[in-house]
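*Asks:*
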Amino acid sequence: MPRQTDTAKQLREDERLLLGVVEQFTRPLLQLSYIAELAQKNPAEAAEQWDAVRLLSSGSLQLAESYALNLRLRGKLTLLELEPVAVSSLLYDTAQALEPYAKQRGVVLELDTGPRTAPIVCDRTVLQAALTSLGQVFIESSSQQEEASPVRLSAHRSRYGMVTGLYSDAAVPLGAESLRQAQQLQGKARQPLQRLVSGPAAGVFVADALLRNLASRLHVARYHKLTGLAATLTPSAQLQLI
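Count the sequence shown with numbering that gives the first Met the number 0 and you get residues 0 to 241, in order.
The following block contains the structure:
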């Protein structure tokens, strides 16, 4: 009986995550439809719209691929490949992947890795997918402000491990309780994390689901006077000592 209850609960969680991803696709699909309509009415200006089409498509594709990756991991169709990963390099690659998305929305990306940053033990593909999904949400959040604030990709050492995540002035109202409420409202409300961003914020929940495969979770973090969402990961040296 407990197994049936756990299975039913897990099914509900998976369905809520899927619902959030589907709702997240609504806005870019509407935008793509609008762009197509403009191109039909003004063929001479259609070429100018291709960059917008490409970025909207690639952003949605990235979220879909991250969601699919989590499903493959949970179904054991894809196995984790744990290895020491240089967190500064991973954050740089994540920033590069997010740069076109940020530029289109007028948001500046910053990198901040302290001198005591150490390699972490993780699956690089999984962690980068999580951070990229999270980054899309932070960029969208910043772009919704009257004046877009920079989004910072940051890592620093704590006594619990390497804290790695994204930070922004736009996340200042965010607290641990609002994150917990958002997780409860996921799939039930259209704006479960409205303190951070309007819309489904599916990237936050996809990122959290991916991080669970790495024995971590998203949490509200504060660093260098900024607020953000981050995960605490195991330094590779710590694994060698076990």
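All C-beta atoms, glycine included, are put in the ideal place defined by N, C-alpha and C.
As the structure is a prediction and not an experimental result, all values here were calculated from the model.
Would you check if the distance between the CB atom of GLY136 and the CB atom of VAL196 is smaller than 8 Å?
*Replies:* Position 137 of the sequence shown, counted from the first residue, corresponds to residue 136. Position 197 of the sequence shown, counted from the first residue, corresponds to residue 196. For clarity, residue 136 is Val in the given sequence; the question names Gly instead. Result yes, Cβ atoms of VAL136 and VAL196 sit closer than 8 Å.
*Asks:* Can you check whether the CB of THR93 is closer than 8 Å to the CB of ALA154?
*Replies:* On the sequence shown, residue 154 is found 155 positions in, with the first residue counted as 1. On the sequence shown, residue 93 is found 94 positions in, with the first residue counted as 1. Going by C-beta atoms, ALA154 is not nearer than 8 Å to THR93.
*Asks:* With DSSP as the reference, label TYR166 as helix, strand or coil.
*Replies:* In the sequence shown, the residue the question calls residue 166 occupies position 167. Three-state DSSP puts TYR166 in a strand.
*Asks:* Do LEU210 and ALA129 have their CB atoms nearer than 8 Å?
*Replies:* Indexing the sequence shown from 1 puts residue 210 at position 211. Indexing the sequence shown from 1 puts residue 129 at position 130. Yes, the Cβ-Cβ distance between LEU210 and ALA129 is below 8 Å.
*Asks:* Going by DSSP, name the residue or residues bridged to GLY160.
*Replies:* Within the sequence shown, numbered from 1, the residue matching residue 160 stands at position 161. Partner(s): SER157.
*Asks:* Looking only at its own chain, which residues have a Cβ that is under 8 Å from the Cβ of GLU98, when we skip the five neighbours before and after it?
*Replies:* For the purposes of this step, residue 98 is taken as residue 99 along the sequence shown, with counting starting at 1. Hits under 8 Å: LEU108.
*Asks:* Could you please give the first and the last residue of the uninterrupted alpha helix (DSSP H) stretch that includes VAL196?
*Replies:* Translated into positions along the sequence shown, residue 196 becomes position 197. Careful: VAL196 lies outside any alpha helix (DSSP H) and carries neither H nor E.
*Asks:* To the nearest angstrom, how far is it from the Cα of THR231 to the Cα of LEU79?
*Replies:* Here residue 231 refers to the residue found at position 232 of the sequence shown. Here residue 79 refers to the residue found at position 80 of the sequence shown. Distance between the alpha carbons of THR231 and LEU79 is about 18 Å.
*Asks:* Is the number of C-beta pairs between the segment 62 to 77 and the segment 180 to 197 that are closer than 8 Å three or more?
*Replies:* No, they do not touch.
*Asks:* Throw me the rounded Cβ distance for the ARG189 and GLU22 pair, which I believe falls under 8 Å.
*Replies:* As a first step, residue 189 must be located in the sequence shown, where it is residue number 190. As a first step, residue 22 must be located in the sequence shown, where it is residue number 23. Indeed they touch by this definition, with Cβ atoms about 7 Å apart.
*Asks:* To the nearest angstrom, how far is it from the Cα of TYR166 to the Cα of TYR222?
*Replies:* Against the sequence shown, residue 166 aligns to sequence position 167. Against the sequence shown, residue 222 aligns to sequence position 223. Looking at the two C-alpha atoms, the distance is approximately 8 Å.
*Asks:* Going straight from the alpha carbon of ALA193 to that of GLU139, what length do you get?
*Replies:* Here residue 193 corresponds to residue number 194 of the sequence shown, with the count starting at 1. Here residue 139 corresponds to residue number 140 of the sequence shown, with the count starting at 1. Correcting the residue identity first, residue 193 is Gln in this sequence and not Ala. Going from the Cα of GLN193 to the Cα of GLU139 covers about 12 Å.
*Asks:* Which residues bound the beta strand (DSSP E) around LEU225?
*Replies:* As a position in the sequence shown, residue 225 is number 226, starting the count at 1. Looking at the DSSP string, the run of the beta strand (DSSP E) that includes LEU225 is 225 to 232.
*Asks:* Pull up the distance between the alpha-carbon of PRO114 and that of VAL162, whole angstroms please.
*Replies:* As a working mapping, residue 114 is identified with position 115 in the sequence shown. As a working mapping, residue 162 is identified with position 163 in the sequence shown. The alpha-carbon atoms of PRO114 and VAL162 are separated by roughly 14 Å.
*Asks:* Which full runs of the alpha helix (DSSP H) of 4+ residues lie inside the segment 10 to 92, going along the chain?
*Replies:* Listed in chain order, they are 49 to 73.
*Asks:* Give me, in chain order, the residues of the same chain whose beta-carbon lies closer than 8 Å to that of THR77; leave out the 5 immediate sequence neighbours on both sides.
*Replies:* Counted from its first residue, the sequence shown places residue 77 at position 78. Here the set comprises LEU68 and ARG71.
*Asks:* Start and end of the beta strand (DSSP E) containing THR112?
*Replies:* If you number the sequence shown from 1, residue 112 lands on position 113. Note, THR112: beta strand (DSSP E), 108 to 112.
*Asks:* Between the Cα of LEU110 and those of LEU28, SER88 and ASN212, spot the shortest distance and give me the residue it belongs to.
*Replies:* As a working note, residue 110 is residue 111 in the sequence shown. Of LEU28, SER88 and ASN212, the residue nearest in Cα terms is SER88.
*Asks:* Please state the DSSP three-state secondary structure of MET0.
*Replies:* Sequence index remark: in the sequence shown, residue 0 carries index 1 (1-based). Bear in mind that a pLDDT of 43 at MET0, under 50, signals an unreliable position, so the number given afterwards is only what the model happens to contain. The answer is coil: DSSP assigns MET0 none of H, G, I, E or B.
*Asks:* What does the Cβ neighbour count give for GLN61, buried or exposed, with the cut at 16 atoms within 10 Å?
*Replies:* For this step, residue 61 is matched to residue 62 along the sequence shown. Classification for GLN61: buried.
*Asks:* Ordered along the chain, which non-local residues of its own chain (more than five positions away) have a Cβ less than 8 Å from that of THR116?
*Replies:* As a working mapping, residue 116 is identified with position 117 in the sequence shown. Here the set comprises VAL86, SER87, ALA154, HIS155, ARG156 and MET161.
*Asks:* Leaving out the 5 sequence neighbours to the left and right, which residues in its chain are closer than 7 Å to CYS121 when beta-carbon positions are compared?
*Replies:* As a first step, residue 121 must be located in the sequence shown, where it is residue number 122. Within the same chain, CYS121 has close Cβ partners LEU81, VAL84, LEU213 and LEU232.
*Asks:* What are the boundary residues of the alpha helix (DSSP H) that VAL245 is part of?
*Replies:* Nothing about residue 245 can be read from this structure; the chain reaches only from 0 to 241.
*Asks:* Is it true that the CB of VAL106 sits closer than 8 Å to the CB of SER56?
*Replies:* Mapped onto the sequence shown, residue 56 falls at position 57. Mapped onto the sequence shown, residue 106 falls at position 107. Contact: no.
*Asks:* How would you write the range of the beta strand (DSSP E) that ARG179 sits in, first residue to last?
*Replies:* The residue labelled residue 179 in the question sits at position 180 within the sequence shown. Unbroken run through ARG179 is the alpha helix (DSSP H), 175 to 184; no beta strand (DSSP E).
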